[in-house]
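**Q** Numbering (the numbering used here), first residue to last: 1173 to 1294. Don't be surprised by glycine CBs; every beta carbon is placed ideally from N, CA and C. Remember, it's a predicted structure, so these values are computed and weren't measured experimentally. Input: one structure, supplied below.
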Amino acid sequence: MLIAAYVLAAIPVLGIIYVGFTYLFAPAKTAATFGLREIPTGSTAFFEIKGDRDLGTGLILGVAMLAGSAHLVGWLLLAATVMPVCDMLIILRHNGKKGMAYGVHGATAAFMAATSVLFLLG
């Protein structure tokens, strides 16, 4: 069960590291895929900050996975689910694209929560 948990956890970890890099190197283009209908213009600083957060989050989870502490990974992954949940709620609060809110951010949160349970039970 733990091997499956590590394999499953690698998906959001590598995914959020990729997203972090895309926000750092192509912030305006990447922001258009977040799910908001209106994208702030004039500065990419906000999106670069989001890229920092995403990249750092992925690296923290990845390092915990490499350290081999299944319980720690489980708790960190569970705590990190707050980010895609908040992303989903932000999109919904600002009348963004519901498909992106639920289909990407909500599904990511559910996947991360379920994977964290595998670590905590294993």
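With a floor of 3 residues, list each beta strand (DSSP E) that falls wholly inside the stretch 1212-1258, ordered by position along the chain.
**A** Qualifying beta strand (DSSP E) stretches: none in this window.
**Q** CB GLY1271 to CB LEU1227, shorter than 8 Å?
**A** Taking the first residue of the sequence shown as position 1, residue 1271 is located at position 99. Taking the first residue of the sequence shown as position 1, residue 1227 is located at position 55. No.
**Q** Measuring straight from C-alpha to C-alpha, what distance separates LEU1293 and LEU1248?
**A** Reading the sequence shown from its first residue, position 121 is the one you call residue 1293. Reading the sequence shown from its first residue, position 76 is the one you call residue 1248. Computed Cα separation, rounded: 14 Å.
**Q** Put GLY1275 into one of helix, strand or coil per three-state DSSP.
**A** Position 103 of the sequence shown, counted from the first residue, corresponds to residue 1275. GLY1275: helix per DSSP, three-state reduction.
**Q** Would you call GLY1207 buried or exposed, if buried means 16 or more other Cβ atoms sit within 10 Å of its Cβ?
**A** Taking the first residue of the sequence shown as 1, we reach residue 1207 at position 35. Its Cβ being crowded by 16 or more others within 10 Å, GLY1207 is buried.
**Q** Which class does PHE1193 belong to by DSSP, given the choice of helix, strand or coil?
**A** In the sequence shown, the residue the question calls residue 1193 occupies position 21. If DSSP states are grouped into helix, strand and coil, PHE1193 belongs with the helices.
**Q** Short check: CB of MET1237 to CB of VAL1185, under 8 Å?
**A** Residue numbering aside, residue 1237 sits at position 65 when the sequence shown is read from its first letter. Residue numbering aside, residue 1185 sits at position 13 when the sequence shown is read from its first letter. Cβ atoms of MET1237 and VAL1185: closer than 8 Å.
**Q** Check LEU1180 in the structure and name its three-state DSSP category.
**A** Looking up residue 1180 in the sequence shown gives position 8. The answer is helix: DSSP assigns LEU1180 an H, G or I state.
**Q** For GLY1278, count neighbouring C-beta atoms within 10 Å of its own C-beta (all shown protein chains included) and say buried if the count is 16 or more, exposed if not.
**A** As a first step, residue 1278 must be located in the sequence shown, where it is residue number 106. GLY1278 comes out buried.
**Q** Using 8 Å for Cβ pairs, my map puts LEU1250 next to ALA1177. What's the rounded Cβ distance?
**A** In the sequence shown, counting from the first residue as 1, residue 1250 sits at position 78. In the sequence shown, counting from the first residue as 1, residue 1177 sits at position 5. Between ALA1177 and LEU1250 the Cβ distance is about 12 Å, and since that is not below 8 Å, they are no contact.
**Q** May I have the straight-line CA-CA distance separating ALA1242 from LEU1174, to the nearest angstrom?
**A** Numbered from 1 along the sequence shown, position 70 holds the residue referred to as residue 1242. Numbered from 1 along the sequence shown, position 2 holds the residue referred to as residue 1174. Taking the straight line joining both Cα atoms gives about 8 Å.
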